[in-house]
Amino acid sequence: MNELDSELVSGQLSALGYRFVASAHEADVVLYNTCSVRENAEQKVRSRLGEIAQRKRSEPALVVGVLGCMAERDGPDLIRRMPVVDILCGPSELDRLPALLDNAVRTRASLGGEDAGARSAKQTALQGSASRRTATLAAAADRLELLDLSRAISPTDHNGSAYVRITRGCNKFCTYCVVPNTRGAEVHRPPDHIVDECRRLADAGVIEVTLLGQTVNHYRFEHGAAVTLRGVTQPQKGRAYRGGHRRDPYRGERVTTFADLLKRIHDEVPAIRRLRFVTSYPRDFGDDALEVMRDSPRICRYLHVPAQSGSDTVLQRMNRGYSVGEYLDFIDRARAFLDEPEIGRPLLIAGDMIVGFPGESDEDFDASVRLLERVRYKNCFIFKYSPRPGTAAYTRLPDDVPDAVKRERNTRLLAAQQTISDEIARAQIGNTLDVFVGGLSVRERKQRPGRASDGVGLTVGGRPAQDDADQITRASTAQMTGRTDGDLIVLFDTPDGREPGDLIGRILPVQIHQASTLTLFGALVGDRA
Ligand code: SF4
825 MNELDSELVS GQLSALGYRF VASAHEADVV LYNTCSVREN AEQKVRSRLG
875 EIAQRKRSEP ALVVGVLGCM AERDGPDLIR RMPVVDILCG PSELDRLPAL
925 LDNAVRTRAS LGGEDAGARS AKQTALQGSA SRRTATLAAA ADRLELLDLS
975 RAISPTDHNG SAYVRITRGC NKFCTYCVVP NTRGAEVHRP PDHIVDECRR
1025 LADAGVIEVT LLGQTVNHYR FEHGAAVTLR GVTQPQKGRA YRGGHRRDPY
1075 RGERVTTFAD LLKRIHDEVP AIRRLRFVTS YPRDFGDDAL EVMRDSPRIC
1125 RYLHVPAQSG SDTVLQRMNR GYSVGEYLDF IDRARAFLDE PEIGRPLLIA
1175 GDMIVGFPGE SDEDFDASVR LLERVRYKNC FIFKYSPRPG TAAYTRLPDD
1225 VPDAVKRERN TRLLAAQQTI SDEIARAQIG NTLDVFVGGL SVRERKQRPG
1275 RASDGVGLTV GGRPAQDDAD QITRASTAQM TGRTDGDLIV LFDTPDGREP
1325 GDLIGRILPV QIHQASTLTL FGALVGDRA
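Heads up: take any position in the sequence shown, counting from 1, add 824, and you land on this note's numbering.
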């Protein structure tokens, strides 16, 4: 989600004449797009702000902004603690960033010199108390839709793959999570806007689209309730409807469900050769969506469906809204619909687990290990619980699992997952898989200078990084990275005589000859793209 926000902000600022430079050190304005979900992500930003504070002492006209969830959650307190920050802009206010930036830059210019650092007015745009605004207000005041709609799509700006947001915010209120407070109430974008964005991306050469939402499969747009402002149909606040449903009874003309949306994109934009979506919420998956996935060859057989725990009591404390039995029932339904290894279309599932949640006993943890082994995730993001300020767990549930126990459980669960990931990866040896080539491998990138983007900083005043294609047309061979339909990572070397830049953004057959836990290694065997 943050990656897409950074892209939209970059496009917006480029259109206004800002130039991007290769490094933060060369910039007049430095913006950090932040995440608050994990503590270490916030620590990274704090450390970057500490570094840039030193530079600002000698360059007081430098403008520093913090965007995203950390800005929203910490609010003006962040400026009090880190006065180097001039701009705070929450994730639901990003459309206001150009005005904030303009004010900050003009203030600096008019004050000049030492005064600029000492007296600049701080610029903030935060949701604050409006975060749980009413459905009507959400629709009428949702200028953010215009930010998505104004997305600049250029044939040279992508590597053949793009994200498309379909919902924003979240209504679930898991007790450990800051997202409902930082990103606000769930809002669903109008389906015509989404399909049109996919079409424009396809026209610009994109062949792989990932639909984004915090609970992406909760998407549901009621047409009778749509609000139109100045000719633009506005997004719609998420309507409550019972989870665990198999089919939406109102599907049809009045309602566009997630299943309908998948089918529309698949059928109306056939140039999108791979369609996937993240992140799914287990309780909200109806059979209708699974049927559409089964019957649509260009929808990937991949699901990212976090369980978070294998214990019902822990799931209740997490307010996840489902039981272990309901989660496993969903996994079984998904496999019954979608797992077809005999025709080369296995269903691969990724998960998330938290260990050491308040009150997690040895038995609760053992249940998590059993669930992980039963589901057999292709990979699982495993996190040690850390209390996040602003969440219900932070105020109501004592962080009572000792850190040593959390570490030990983390190691055990990682080991269990590694065994499963190894087995899934090794089973691919000898197979020829269609791989979407995303670019240079991490190893290759490190060996080549000039990559400035680290996923945290956005530097305004020049372009952050050259496209992979620009960099590698000069190389004779390079290690490339790509992904299969089921999201397995594949590395391969460019063959002799092939221009590496030509491979990026294409789906190519790669024969797998080696596998490690999370990576397959192979060789290009042809070019059917
Ligand atoms: S579903 Fe839960 S974990 Fe996911 S974004 Fe919403 S509140 Fe956070």
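C-beta atoms are modelled at their ideal positions from N, C-alpha and C, and glycine is treated no differently. Computed from a prediction, not measured in an experiment: that's the story for all the values here.
query: DSSP three-state assignment for E1032, whether helix, strand or coil; result: strand
query: Per DSSP, the bridge partner or partners of P1333; result: D1258
query: K996 Cβ short of 7 Å to the ligand SF4 heavy atom set; result: yes
query: First and last residue of the uninterrupted alpha helix (DSSP H) at V869; result: E863 to S882
query: Nearest neighbour of R1200, chosen from V988, V853, P1170 and V1019 [CA to CA]; result: P1170
query: Any non-hydrogen atom of the ligand SF4 closer than 7 Å to T1318 Cβ; result: no
query: Among V833, A1339, L1086 and L1342, nearest to L1036 - alpha-carbon criterion; result: L1086
query: Of the listed residues G1346, G1329 and I1328, nearest to Q1335 (C-alpha basis); result: G1346
query: Length at least 4, wholly inside the stretch 1152-1213: the alpha helix (DSSP H) runs in chain order; result: 1186-1199
query: Which of helix, strand or coil DSSP assigns to T960; result: Unreliable placement is indicated for T960, whose pLDDT of 43 sits below 50; the coordinate value is still reported in the next sentence. In the structure shown, T960 sits in a helix (DSSP, three-state: H, G or I).
query: Start and end residues, beta strand (DSSP E) containing Y1126; result: Y1126 to H1128
query: beta-carbon Y1105 near the ligand SF4 non-hydrogen atom, thresh 7 Å; result: yes
query: Environment of G1110 [buried if 16+ CB atoms lie within 10 Å]; result: buried
query: Through-space distance from Q878 to R1159, alpha-carbon basis; result: 54 Å
query: Rounded Cβ spacing between F1161 and S985 (contact assumed at less than 8 Å); result: Not quite, the Cβ-Cβ distance comes to about 26 Å (not below 8 Å), so this is no contact.
query: DSSP state of I1123 mapped onto helix, strand, coil; result: strand
query: With 16 other Cβ atoms within 10 Å as the buried cut-off, status of T858; result: buried
query: Span of the alpha helix (DSSP H) around E1232; result: D1227 to R1250
query: Assumed close pair S1210, S1133 - CB separation to whole angstroms, cut-off 8 Å; result: Wrong, their Cβ atoms sit about 16 Å apart, outside the cutoff.
query: Cβ-based burial, F1154 [other Cβ within 10 Å; buried from 16]; result: buried
query: Straight-line Cα distance separating I990 from P900; result: 30 Å
query: Cβ separation of C998 and M1142, assumed to be a contact under 8 Å, to the nearest whole Å; result: 5 Å
query: DSSP state of T1219 mapped onto helix, strand, coil; result: helix
query: Any non-hydrogen atom of the ligand SF4 within 7 Å of V1003 CB; result: yes
query: Selected residue, minimal CA-CA separation from I1096, among E1150, G1145 and E1021; result: E1021
query: Range of the contiguous beta strand (DSSP E) that encloses C913; result: I911 to C913
query: CB contact below 8 Å: I1031 versus chain D; result: Structure shown: chain D not included; a single protein chain is present.
query: Expected contact under 8 Å - CB spacing of C1124 and G1310 to nearest Å; result: 7 Å
query: Proximity test, T1039 beta-carbon vs the ligand SF4 heavy atom, cut-off 7 Å; result: yes
query: Residue range of the unbroken beta strand (DSSP E) whose run includes R1098; result: R1098 to V1102
query: Three or more C-beta pairs below 8 Å linking the stretch 1214-1225 and the stretch 1312-1324; result: no
query: Inter-residue Cα distance where the pair is L886 and R1157; result: 55 Å
query: DSSP three-state assignment for E827, whether helix, strand or coil; result: helix
query: Integer Cβ distance of R1233 from F1205, believed to fall under 8 Å; result: Rounded, the Cβ-Cβ distance is 15 Å, inconsistent with contact.
query: Alpha-carbon to alpha-carbon, A1009 and E827; result: 20 Å
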